[in-house]
Structure formats: C-alpha cells, structure tokens
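I have placed the structure first, in the form of structure tokens, so that the comments after it can refer back to it.
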Amino acid sequence: MRKVAATLAMLMGISFGLAGAPRVISPGEAAEHVGEKVTVCGKVATVTYAERVNGRPTFINLDKPFPNHVFTAVIWGEDRGKFAEPPELAFREKRICVTGTVKLYRRRPEIIVREPAQIRVVTAAGREDPKGP
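Next up, the structure:
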C-alpha cells in the first residue's frame, strides 16, 4: 500500500510540474512546438495592420520581416480594441514575448493573440519592461 501511495504522490508531483508556466522559446524554435502552449520571445522586425484584408489582422513578425519571417503573432481586428494602444505603435522595434498555442499557417509558425496579456514587452535581459507597451 505504501508503494502505491508513493507512486501516486510522485506521479501527481510530475503532473503538477508539467502544468507550470509555458516553455520559453525563440522564434526559430516555434515550428518544433506546433500544438503546444509556449512563450515565444524575440525582437519585433515588422508590425503590419492589414486594415483592408478580410478580418483586419495585425501581423507582428519576430526576428525577420515578412516575407522571410520565422514567426508571427496575429491579432484579429475584432481583438484590436482590447489593446490600450494600436499594436503597430505599441510593439514596433520592441522585444516581446508572446504566449499561446503554436499553429502553422502556410508552413510558418504563428500564435493567435486574443488578449493583451498574451504579449509582454521585455528588456534585452528578458525582464518585464517597466515602460510596457
């Protein structure tokens, strides 16, 4: 009975450890984590608000600009109003971390951003930037 209890306690500890904060990865690693909830951190290369495109998306490309982008955070038009400042102004030339589930679109990794809390502006050292967006 003690062995069963010890095994259960160990398994519960492992499962709680796995349920912690999402893994932090670089934009170049995102394609290896499709379907996983992760935090992707990198330098914003370009931010484009495609106002005339269906769904009015905002594309935030990290590390490299479109069309050579390696990762994109997408904010749909219906969610732009949740941001205190337009994303193309708030995140331009900043270092950010984006948290969410990675999916592929045209063989490139992306995270759909539904809430402002999914994006954090950070310093080069990876700390939260007190100036924020």
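In the numbering used here, the protein residues as written are -14 to 118.
We put the CB at the ideal spot given by N, CA and C, even for glycine.
All figures in this text were calculated on a predicted structure; none of them were measured in a lab.
Element boundaries [beta strand (DSSP E), containing residue i]
i	result
V72	The residue you asked about is not Val; residue 72 is Pro in the sequence shown. Looking at the DSSP string, P72 is not in any beta strand (DSSP E); the run it does join, the alpha helix (DSSP H), is P72 to A75.
From the options, residue whose alpha carbon lies closest to that of residue i
i	options	result
Y34	H54, R65, A15 and A6	R65
I81	P72, V87, K88 and L89	P72
T57	A6, F44 and V107	F44
L74	K49, P7, V23 and T31	T31
T108	P50, R8, P101 and F76	F76
I10	D48, R99 and V38	D48
R91	V19, A6 and V29	V19
Host alpha helix (DSSP H) of residue i (start-end)
i	result
R65	G62 to R65
Residue i, buried or exposed, once every other Cβ within 10 Å from all chains shown has been counted against 16
i	result
G40	exposed
A15	buried
N46	buried
E95	buried
V38	exposed
In DSSP terms, what residue i is bridged to
i	result
K28	R80
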